[in-house]
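Asker:
There are 2 protein chains.
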Amino acid sequence: MVKADDIFLFVEVVDEGSFSKIAEKFELTNSVVSKRISRLEKALNVQLLYRTTRKLTLTDAGSALYGKARIAKQSLQDARDAVTGYGETLKGKIKVTVPAVSADIVLSNAIAEFCQLYPEIEVELFVSNRMVNILDEGFDLAIRTAPLPDSSLVARRLMDSHWVACASPKYVAQKGMPQSPEALIDHQCLVYKYESTGADRWSFEQDGKETIVSVNGRYQANNLDSLRQAAISGLGIAYVPKVLVHEDMLNGKLVSVAPLYCAKLMGVYAVYPRSRQPDKKLNLLVEHCREAYIKKQEYFYLTEG
Amino acid sequence: MVKADDIFLFVEVVDEGSFSKIAEKFELTNSVVSKRISRLEKALNVQLLYRTTRKLTLTDAGSALYGKARIAKQSLQDARDAVTGYGETLKGKIKVTVPAVSADIVLSNAIAEFCQLYPEIEVELFVSNRMVNILDEGFDLAIRTAPLPDSSLVARRLMDSHWVACASPKYVAQKGMPQSPEALIDHQCLVYKYESTGADRWSFEQDGKETIVSVNGRYQANNLDSLRQAAISGLGIAYVPKVLVHEDMLNGKLVSVAPLYCAKLMGVYAVYPRSRQPDKKLNLLVEHCREAYIKKQEYFYLTEG
DNA sequence: ATGTTTTTTTCCTTTTTTGACATAATAAGT
DNA sequence: ACTTATTATGTCAAAAAAGGAAAAAAACAT
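Top to bottom, those sequences are chains A and B. The first sequence begins at 166 in the working numbering and counts up one residue at a time. The second sequence begins at 166 in the working numbering and counts up one residue at a time.
So this is what it looks like as structure tokens:
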């Protein structure tokens, strides 16, 4: 029944020593101030001020309330100050979880750039292929390769990531070029494995039809770049994001395998909690990553064109 | 725009970890809690909680607000506790200003009795004939002999005080009994004087007609009892409250002078600030004083009968 | 997929708050 | 003592806000 804001108004009135001054200051009418103070007195069942038209005098009770409420008021102001402009300021920490496959490629650079661009924003990167619970573990942002693992989150597509199977020209010359996805079964495949997430099922598609092949491989790595190096050295066929091996393919170190089939298209998404209040720095980071991916893609077009 | 009570509701919600639990606890509906938290977020322009149906998770901003607001909430609670029941409890101090003439008589005893009756109430007595400004000087109660010196105050009649002129039988025998008020001019009058308030104008009335006499006196005192003693010793005629000399007159130490004229009737009033919130202990004290006066008057009736 | 629990939205009613104005009170100036 | 200026309060009608019920949506669990 006692309204906190009435108490704070009372503090203001005491500070100023006048109802009307406070009314003016807060753009209220005198009667409103009068009524709210009266209401407070009624709610507390105690007289706080003796009023004459010229002077306000604190009662003992009023004095006691004033002394303590002043502190509370300041304290609450501090609390408010702590969060005002929180969504707007370009300060603070962003905790990001990134799957290892994505961290390897564009993102690391993009985030490094971002940190240089906004020196007051701190980014904490947590690389893990484990599907972390963003909310539970206090992440602000996750990069994912599936659109919506959790519907209380919001997903924004950053890019479409093509994955390709590739090998060194030497390997192809020795073992022959597989003519279909199924033919990969008889080849030496380099398998990505990270935190028990074995990616030994490779996906290809053409004309909307998807073909999944369970491949075999004696060589496994938890790092895509290691797979890439292994492929270059002729160890076998690697299935990796196109961006990773684009240059190798341009300068002939690697060639695409099963050329008749388009490698599967996988989206890369920024996933973050659904918020009705926008967090500016978070949006900036997401946007920065998206642009980094777009630039990378433009680079493809230029070199592939 | 940000409502303090919304912030405190937010603190409650975080403590409980659920909107609906808090709704139940405070007898609100879920929708109200939801709306108020949402409103708070909108007002602060920041997301405070991530909600799922199973769990509420604090955002960084929410966490910052919670930490500080919790302190403010406790602080405000302390402030409220400091005054709740203030008007009802029989504790605390009552500052009373009493004119010397009244303090001399019944009041001192009455107040002493009152203090014994309510051990937790402290009474601070300030004896002064100066007309103190109750509000300015922080008094809770004044005893006055005039009904309403200040209209922002409230006055309650405690008793009607008769003042009488009296002298020792010896004095009357030597100097003669004055037959009219005017005759007092030729007599040795004992004048009450306190803080420059000279009471050398004595008032008598009969049949509604008032006669004021400016008396002369070589003996002045700031204490009515001294005047009484002086009168008993035969020094002259004293003009004092009847209660003061009632017993002296009964046992013949003093006799009333100018017996044909009734001494003036003066009211004794309790004067205190007009308060819309009753202060129980103050009312108790006033009532106690009133009863003390009434008892004293009953005693007169019995002995004068 | 289905059901359950929790939050949110919607729509409507009730309550509160507000400002304008009139009134009352009083301190200060003349 | 009289006037004047300032200040607080009461009243009333309009506006705003809060509140509640129920349906909808969301998030999980199974």
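Even for Gly, the Cβ is constructed at its ideal location relative to N, Cα and C.
Give me whichever residues DSSP pairs with Q371(A) in a beta bridge.
Answerer: K374(A)
Asker: Closer than 9 Å, Cβ to any Cβ of chain B: which residues of the segment 441-453 of chain A, in chain order?
Answerer: Cβ contacts with chain B: R441, Q442, P443, D444.
Asker: Kindly list the residues whose CB is nearer than 8 Å to the CB of V167(B), restricted to its own chain and excluding five residues on each side of it in sequence; keep chain order.
Answerer: L205, A208, L209
Asker: Which of the three DSSP states is assigned to S185(B) in this structure?
Answerer: helix
Asker: Quick check on the burial criterion: 16 or more other C-beta atoms within 10 angstroms. Buried or exposed for T478(B)?
Answerer: Since the first residue shown for chain B is 166 and the last is 470, residue 478(B) is missing from the structure and cannot be characterised.
Asker: On a CA-only basis, which of T218(A), R441(A), I286(A) is nearest L213(B)? Give me that one, please.
Answerer: R441(A)
Asker: If you check the beta carbons only, do A403(A) and L415(A) fall under 8 Å apart?
Answerer: no
Asker: Between S183(B), A386(B), S345(B), L450(B), which lies nearest to G375(B) when the distance is taken from Cα to Cα?
Answerer: Residue 375(B) is actually Glu in this sequence, not Gly. Nearest option by C-alpha distance: S345(B).
Asker: Could you tell me the alpha carbon to alpha carbon distance between A338(B) and L447(B), rounded to whole angstroms?
Answerer: Rounded to the nearest angstrom, the gap between the Cα atoms of A338(B) and L447(B) is 48 Å.
Asker: Can you tell me the Cβ-Cβ gap for V356(B) and Q385(B), rounded? I've got them flagged as a contact below 8 Å.
Answerer: 5 Å
Asker: Report the CB separation of V288(A) from F279(A) in whole angstroms; it is logged as a contact under 8 Å.
Answerer: Indeed they touch by this definition, with Cβ atoms about 7 Å apart.
Asker: Have a look at D180(A) and T222(A) and give me their C-alpha separation to the nearest angstrom.
Answerer: 12 Å
Asker: For chain A, find out if any of its Cβ atoms is closer than 8 Å to the Cβ of D243(B); answer yes or no.
Answerer: yes
Asker: For the putative contact between L473(A) and Y437(A), defined by C-beta atoms under 8 Å, what is the C-beta separation to the nearest angstrom?
Answerer: Missing from the structure shown is residue 473(A); chain A here goes from 166 to 470 and no further.
Asker: DSSP state of L355(B), grouped into three classes?
Answerer: strand
Asker: Could one say the Cβ of N274(B) lies closer than 8 Å to chain A's Cβ atoms, at least one of them?
Answerer: no
Asker: What residues from chain B crowd round V248(A), counting only those whose CB sits closer than 7 Å?
Answerer: L209, V211, A226, A229, L230
Asker: With DSSP collapsed to three states, give me the class of S398(B).
Answerer: coil
Asker: For the beta strand (DSSP E) containing L323(A), list its first residue and its last residue.
Answerer: It spans 318-332 - the beta strand (DSSP E) in which L323(A) sits, taken as one unbroken run.
Asker: Could you check the C-alpha separation between A237(B) and F191(B) for me, to the nearest Å?
Answerer: 20 Å
Asker: Go ahead and label L450(A) buried or exposed: buried means 16 or more other beta carbons lie within 10 angstroms of its beta carbon, across all protein chains shown.
Answerer: buried
Asker: Is the CB-CB distance between S199(A) and F184(A) below 8 Å?
Answerer: yes
Asker: Going straight from the alpha carbon of K418(B) to that of I397(B), what length do you get?
Answerer: 6 Å
Asker: Taking DSSP's pairing of strands, which residues face Q385(A) in a bridge?
Answerer: Paired residue(s): V356(A).
Asker: Please confirm if K461(A) has its CB atom under 8 Å from at least one CB of chain B.
Answerer: Taking Cβ atoms only, chain B never reaches closer than 8 Å to K461(A), which makes this a no.
Asker: Measuring only the C-alpha atoms, how far is E412(B) from G232(A)?
Answerer: 51 Å
Asker: Residues in the same chain with beta-carbon distance under 7 Å from P334(B), minus the five sequence neighbours each way, listed in chain order, please.
Answerer: G417, V420
Asker: Quick check: is the beta carbon of K168(A) nearer than 8 Å to any beta carbon in chain B?
Answerer: yes
Asker: Quick check: what's the CA-CA separation for F291(B) versus I299(B)?
Answerer: Linking F291(B) to I299(B) through their CA atoms gives a straight-line distance of about 11 Å.
Asker: Note down, in chain order, each residue of its chain lying with its Cβ closer than 8 Å to the Cβ of A188(B), except the 5 sequence neighbours on either side.
Answerer: T194, N195, V197, V198
Asker: The segment 379-410 of chain A: which residues have C-beta closer than 9 Å to a C-beta of chain B, in chain order?
Answerer: Result list empty, no residue passes.
Asker: Which value, in whole angstroms, describes the spacing of the CA atoms of A307(A) and R455(A)?
Answerer: 13 Å
Asker: Express the C-alpha separation of Q239(B) and G227(B) in angstroms, rounding to a whole number.
Answerer: 18 Å
Asker: Are L409(B) and V378(B) close, meaning C-beta to C-beta below 8 Å?
Answerer: no
Asker: Consider the Cβ of T217(A): report whether some Cβ of chain B lies at a distance smaller than 8 Å.
Answerer: yes
Asker: Who are Y479(A)'s beta bridge partners in DSSP?
Answerer: Outside the displayed span of chain A (166 to 470) sits residue 479(A), for which this structure offers no information.
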